[in-house]
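*Asks:*
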Amino acid sequence: MQHLNRIPTRQLVALTQSTHKSWQLPRVLYQTRCLATVPVGEVLFPSKSDFPSRHIGPRKTDVVAMLDTLGFKSLEELTEKAVPKRIQLKRDLNLEKPLNEHELVRHIREIAKRNEIWRSYIGMGYHNCHVPHTIVRNVFENPGWFTQYTPYQPEIAQGRLESLLNYQTLVAELTGLDVANASLLDEGTAAAEAMSLCTRHNKRKKIYLSNKLHPQTLSVVQTRAEALEFVTEIGPVENADLEGREISGILLQYPDTFGDVKDIEDIAEKARKNGTLTVVATDLLALTLLRPPAEFGADIAIGTSQRLGVPLGYGGPHAGFFACKQSLVRLMPGRMIGVTRDMDGNDAYRLALQTREQHIRRDKATSNICTAQALLANMSAMYAIYHGPEGLKEIANRIHHFTLALQTGLREAGHQINNKHFFDTLHVTPSESLSIDEIKKRAEQKRINFRYFPDGSLGVALDETVGPQDVNDLLWVFKCKSLDEILATQDILTNSIERSKFLRTSPFLQHPIFSSHHSESRMVRYMKRLENKDISLVHSMIPLGSCTMKLNSTTEMIPCSFRHFTDIHPFAPVEQAKGYHQMFSELEKDLCEITGYDKISFQPNSGAQGEYAGLRAIRRYHEHRNESHRNVCLIPISAHGTNPASAQMAGMKVEPIRILSDGSIDMAHLRDKAAEHNNDLSCLMITYPSTMGVFEETVADICDLIHKHGGQVYLDGANMNAQVGLCRPGDYGSDVSHLNLHKTFCIPHGGGGPGMGPIGVKAHLAPYLPGHPVISPLECEQESFGVVSAAPFGSSAILPISWSYIKLMGSRGLKRATQVAILNANYMSKRLENHYKTLYKSSKSQLVAHEFILDLRDLKKSANIEAVDIAKRLMDYGFHAPTMSWPVAGTLMIEPTESEDKEELDRFCDAMISIREEITEIEEGRMDKVVNPLKMAPHTQAQVISDKWNRPYTRELAAFPALFVKPDSKIWPTVGRIDDAYGDKHLVCTCPPILPDL
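Those letters in the sequence shown? Residues 36 to 1033, per this note's numbering, in order.
#1: Do you know how far the Cα of D982 is from the Cα of F995?
#2: Going straight from the alpha carbon of Q66 to that of L834, what length do you get?
#3: Given a cut-off of 8 Å on the beta-carbon distance, is the pair F820 and R651 in contact?
#4: Quick one: is V118 buried, meaning 16 or more other Cβ sit within 10 Å of its Cβ, or exposed?
#5: Which class does S696 belong to by DSSP, given the choice of helix, strand or coil?
#6: Does DSSP put I670 in a helix, in a strand, or in coil?
#7: What residues in its chain sit with their C-beta under 7 Å from that of A612, if we drop five residues either side in the sequence?
#8: Give me the Cα-Cα distance between Q188 and D904, rounded to the nearest whole angstrom.
#9: Could you check where the alpha helix (DSSP H) with T258 kicks off and where it finishes?
#10: Between the stretch 255-264 and the stretch 424-435, do three or more beta carbon pairs fall short of 8 Å?
#11: For the candidate residues G795, M755, L695 and I170, whose alpha-carbon lies nearest to that of M414?
#12: With a CB to CB cut of under 7 Å and the five nearest residues on each side skipped, what residues in its chain are close to W58?
#13: Count the other C-beta atoms from every protein chain shown that fall within 10 angstroms of the C-beta of H599, then say buried if there are 16 or more, exposed otherwise.
#14: Could you compute how far the alpha carbon of I950 sits from the alpha carbon of N216?
#15: Between G631 and G925, what straight-line distance do the alpha-carbon atoms span, to the nearest angstrom?
#16: In angstroms with no decimal places, state the Cα-to-Cα distance between L64 and K778.
#17: How many angstroms separate the CA atom of P808 from the CA atom of A387?
#18: Between the Cα of L324 and those of C582, K624, R534 and L813, spot the shortest distance and give me the residue it belongs to.
#19: Helix, strand or coil: how does DSSP classify T1025 here?
#20: Out of L134, L761, H574 and S531, point me to the one whose CA is closest to I191's CA.
#21: How would you call T339, buried or exposed, if buried means at least 16 neighbouring beta carbons within 10 angstroms?
#22: Assuming N640 contacts G848 (C-beta within less than 8 Å), just tell me the rounded distance between them.
#23: Terminal residues of the continuous beta strand (DSSP E) containing F887?
#24: Please report the Cβ distance between R239 and I282, rounded to the nearest whole angstrom; I am assuming they are in contact, meaning their Cβ atoms lie under 8 Å.
#25: From what residue to what residue does the alpha helix (DSSP H) around L441 run?
#26: Under the DSSP definition of a beta bridge, which residues are partnered with E136?
#27: Let's test the definition: count the other Cβ atoms within 10 Å of the Cβ of V748 and tell me whether it reaches 16, buried, or not, exposed.
#28: Can you tell me the Cα-Cα spacing of S468 and K516, whole angstroms?
#29: Quick one: residues in its chain with C-beta nearer than 8 Å to the C-beta of V734, no 5 flanking neighbours on either side, listed in chain order?
#30: Any idea what DSSP makes of Q59, helix, strand or coil?
#31: May I have a chain-ordered list of the beta strand (DSSP E) segments no shorter than 3 residues that lie completely inside the stretch 622-693?
#32: Rounded C-beta distance between D498 and N163? I'm assuming under 8 Å.
#33: For the structure I just gave you, are there three or more beta carbon pairs, one from the stretch 565-579 and one from the stretch 126-142, closer than 8 Å?
#34: Classify W288 as helix, strand or coil using the three-state DSSP reduction.
#35: Closer than 6 Å by C-beta to N756: which residues in its own chain qualify, once you throw out the five before and the five after it? Chain order, please.
#36: Which ranges does the alpha helix (DSSP H) cover as unbroken runs of at least 4 residues, wholly within the stretch 309-371, from first to last along the chain?
Written out as structure tokens, the structure is:
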């Protein structure tokens, strides 16, 4: 049958009819409409598991009906018209044959087992821990937690907002500082943000970095400082010249990278007197025993909460923390949860202050932060609630006492311990009778990893998972007495924290939330109660434009819990991580084929960080061509807010480019600007399809124009979901893109993170990709611009999701997904066209891409209704709002993705049409312009059942506004409309002193 491998569809119809297999007819009819030919084997021997048909929402008959609505005969015809012919990919992607779901799980298990799980006592900010199984099952593996969006609509996000407030309280109280944010990407990023804050605070451009920082933290800060032209000094903190009043901030580690706990009070006091801020990188678990940084005079504390209930995961994802004094709160980067009240005066939570300031201030922004690590912060918050303050202290004491016992044994055996005071890490110089090579051999016999220093010393960092047998194995490696022998003859507490001036005496985690849920029954009910307050993808579609909230399949998520992925230290020898590196290699190959690029760096762990890394690579490229003067970045005014912010952080000068009334780039203005900056043009940042939701016909011409003037093209990959299988950025002229793996490639949003933003580059930029001081991700580090993340491969532990997605979908599945994403958007725009205006369409095809913008601005005049009112009213219908007032104020940007089926698309459209009918009643005077279902939305259960209902519309209209909104499936907002102004005037960012609602 090989010569019949592919035959025309008309013959397949006849063949199917002759077999009398009626179940095959829908597939054949679909192929008749959507594809020219299909493999014979798929008709005669259907796959055991057709994953693309499960990932893609619309059924085949639905696709036909939707195409009929739009006037197209096939998906091919639709996308041929939507995508400019000049950039269309005229072949199938060269990807491996797709696997079914069971085959994939077997295969990824085999790859994972190539990773060797050794006991890693390397430390350096990464420590193994026991993740409570109830948190693994009910948060980490629960789509009710990991498929939520960033809580920009707080009324339907109260659960995760409360959890993140718990996280902020945890961080603030352990560090002793006034306020904390709701997480950053990692410790290195947090440190870089802290030093930038210092320079903004006192307007000085010099920073001082301790030579005892973790090396990855030092490298990330140095990289950031270079682009911002900070003067950087590195050395012992006691040598810092603070008298000259030139240093903006001093950064030190407590305990430091060698494990030393040292008094920093004099340094902090000296800094304070001279207007210098003191930033302390610290360890939250250690702070349950150690005096907190605030008591030594620290202004800012940063670090990672990884060891509080988050797996190692070969480097991530982990939540970075950031805490500061109240006086610095308005300068603090990232997201912050605040306590406010709703319209009825009830306590409520919402994102506070500068959460989205980079989108508003553009190139004047102080940070480009977009993704946080919300899911991982929530895990750490739950870990603290699970254990409570006494439980955390008990874990810390156990680790510390094991470290004391190990120190005692090592000293008795003649080894030199270079620490006087320590928590969990020893810096050891071996005795002359035991060479470092012999130690390595003995450690290998026990499958143990240490940190080895160039001078022949080594570091040993213990963690929560260590038990008596582990300590005995460590003592054996160093030829010491056994643990029992040491405890029988020695007082191990001689150098303990309990007998030092570093002992913490101040209380922490006193709020009842941290002492109320220690039985598993209470814990499970608390996690479920919070989950029930939030809308996620398990409830309904989340139609956010530019955010691509698509299916995160269970099969894709399963490998994230494999022990051979979770229990690997990021600085373990590379030969112990062969499975990870095989996956990196295969994913890189697939992504290069999909995008047309030649090399991928997985280090950036957010989209905005990918932007920054790509721009830094471009700058480095120009420097190596002796054109370091090229520093101008052209950015259309329609670009993502993080684009100009990233350019500013990369040391570039931003020049905005106008757009035309149809949303496309003003080519005349672009030509003028490119010519004006012919000698200093560094790059253009462009989003494709455009941020306005259309495929611009001139994209290839734009790339040619920039190259003609000596610049590079950075293509923002946020809208890659409209391109996969149809066109490739590397083919039509782009030099570098970041890829939002948490969008196009199915890594879930996690309530605001994790994200992944690896960058793809053409070959000429490959030498300049991010490097790393510990484990090199590059063949040669010499030309790298520097380091952007603490871990060499970013958030490695979530890369199996994207790897799995591509392997399951295959070439045809990926292309079909893109086509259906475009179909869904155009179908919704068509269904809504008699009720709302789609703001931008392609001038040539009159189609949108995979998303579209509804213009609501006229409703303000006609009915006193704004985009926010429709967003809140959608909650009553059971939906999260689309992207609100961006990229155009007074609009809603809708992206349905390919994962939503026709029934869900119609349900959302019906909701929008019903809301438009309510607006019409306001316009015609049949509803009040101030007190109406939109202005008063969302409606809580408490409001609807209250005996004080005094609104001029019925309770039924308030709570059950459409036939599909039924009591058995109703999603109730748990608070009324949030009062943002009150929250900003009365800023509270830790748990208020109230008992939890149980």
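Glycine included, C-beta positions come from ideal geometry on N, C-alpha and C.
*Replies:* In terms of the structure at hand:
#1: Taking the sequence shown and counting its residues from 1, one reaches residue 995 at position 960. Taking the sequence shown and counting its residues from 1, one reaches residue 982 at position 947. Answer to the nearest angstrom: the Cα atoms are 18 Å apart.
#2: The residue given as residue 66 occupies position 31 in the sequence shown. The residue given as residue 834 occupies position 799 in the sequence shown. Interpretation of Q66 is limited by its pLDDT of 44, a score under 50 that renders its predicted location unreliable; the figure taken from the coordinates is listed afterwards. About 33 Å.
#3: As a position in the sequence shown, residue 820 is number 785, starting the count at 1. As a position in the sequence shown, residue 651 is number 616, starting the count at 1. Against a cut-off of 8 Å, the Cβ pair of R651 and F820 comes out as a contact.
#4: To locate residue 118, count along the sequence shown from 1; it is residue 83. V118 comes out buried.
#5: For the purposes of this step, residue 696 is taken as the residue at position 661 of the sequence shown. Correct three-state label for S696: coil.
#6: In the sequence shown, the residue the question calls residue 670 occupies position 635. I670 falls in the strand class under three-state DSSP.
#7: Along the sequence shown, one-based indexing puts residue 612 at 577. N150, Y349 and I603.
#8: As a position in the sequence shown, residue 188 is number 153, starting the count at 1. As a position in the sequence shown, residue 904 is number 869, starting the count at 1. Taking the straight line from one Cα to the other gives about 12 Å.
#9: On the sequence shown, residue 258 is found 223 positions in, with the first residue counted as 1. P250 to L263 is the span of the alpha helix (DSSP H), which, as asked, contains T258.
#10: no
#11: Your numbering for residue 414 matches position 379 in the sequence shown. Cα-wise, what sits closest to M414 is I170.
#12: By one-based count along the sequence shown, residue 58 stands at place 23. Its pLDDT being 36, under 50, W58 is placed unreliably by the model, and the measurement read from it follows with that caveat. None.
#13: Walking along the sequence shown from the start, residue 599 turns up at place 564. Per the 10 Å Cβ criterion, buried.
#14: Reading the sequence shown from its first residue, position 915 is the one you call residue 950. Reading the sequence shown from its first residue, position 181 is the one you call residue 216. So the two alpha carbons sit approximately 36 Å from each other.
#15: Translated into positions along the sequence shown, residue 631 becomes position 596. Translated into positions along the sequence shown, residue 925 becomes position 890. The straight-line gap from Cα to Cα measures roughly 37 Å.
#16: Translated into the one-based positions of the sequence shown, residue 64 becomes position 29. Translated into the one-based positions of the sequence shown, residue 778 becomes position 743. Any reading at L64 needs caution, since the residue's pLDDT is 40, under 50, leaving its predicted position unreliable; the model's value is listed next. Using only the alpha carbons, I get a separation of about 31 Å.
#17: Stepping through the sequence shown from its first residue, residue 808 is reached at position 773. Stepping through the sequence shown from its first residue, residue 387 is reached at position 352. Near 36 Å, if we compare the C-alpha coordinates of A387 and P808.
#18: By one-based count along the sequence shown, residue 324 stands at place 289. Ranking C582, K624, R534 and L813 by Cα distance to L324 puts R534 first.
#19: The sequence position of residue 1025 within the sequence shown is 990, counting from 1. Here T1025 sits in coil by DSSP.
#20: For this step, residue 191 is matched to residue 156 along the sequence shown. Nearest C-alpha to I191: H574.
#21: The count along the sequence shown starts at 1 and reaches residue 339 at position 304. Buried, by the Cβ-count rule.
#22: Residue numbering aside, residue 640 sits at position 605 when the sequence shown is read from its first letter. Residue numbering aside, residue 848 sits at position 813 when the sequence shown is read from its first letter. The Cβ separation is near 27 Å, so there is no contact.
#23: Your numbering for residue 887 matches position 852 in the sequence shown. Here the beta strand (DSSP E) through F887 covers F887 to D890.
#24: For this step, residue 239 is matched to residue 204 along the sequence shown. For this step, residue 282 is matched to residue 247 along the sequence shown. 7 Å between Cβ atoms; contact.
#25: On the sequence shown, residue 441 is found 406 positions in, with the first residue counted as 1. Residues A409 to E447.
#26: Taking the first residue of the sequence shown as position 1, residue 136 is located at position 101. Answer is none; E136 lacks a bridge partner.
#27: The sequence position of residue 748 within the sequence shown is 713, counting from 1. Buried is the call here.
#28: For this step, residue 468 is matched to residue 433 along the sequence shown. For this step, residue 516 is matched to residue 481 along the sequence shown. Approximately 15 Å between the Cα atoms of the pair.
#29: The residue given as residue 734 occupies position 699 in the sequence shown. Cβ neighbours of V734 beyond the five flanking positions: P119, I122, I721, Y723, Y767 and G768.
#30: Translated into positions along the sequence shown, residue 59 becomes position 24. In this prediction, Q59 has a pLDDT of 41, which is less than 50 and means its spatial position is unreliable; nothing more can be read from the coordinates.
#31: 634-636, 667-671 and 688-692
#32: Residue mapping note: residue 498 aligns to position 463 of the sequence shown, counting from 1. Residue mapping note: residue 163 aligns to position 128 of the sequence shown, counting from 1. Indeed they touch by this definition, with Cβ atoms about 5 Å apart.
#33: no
#34: By 1-based counting over the sequence shown, the position of residue 288 is 253. Strictly speaking, residue 288 in this sequence is Gln, with Trp absent from that position. Three-state result, Q288: strand.
#35: Position 721 of the sequence shown, counted from the start, is the residue given in the question as residue 756. Taken in chain order, the residues that qualify are T583, T779, A856 and H885.
#36: 328-331
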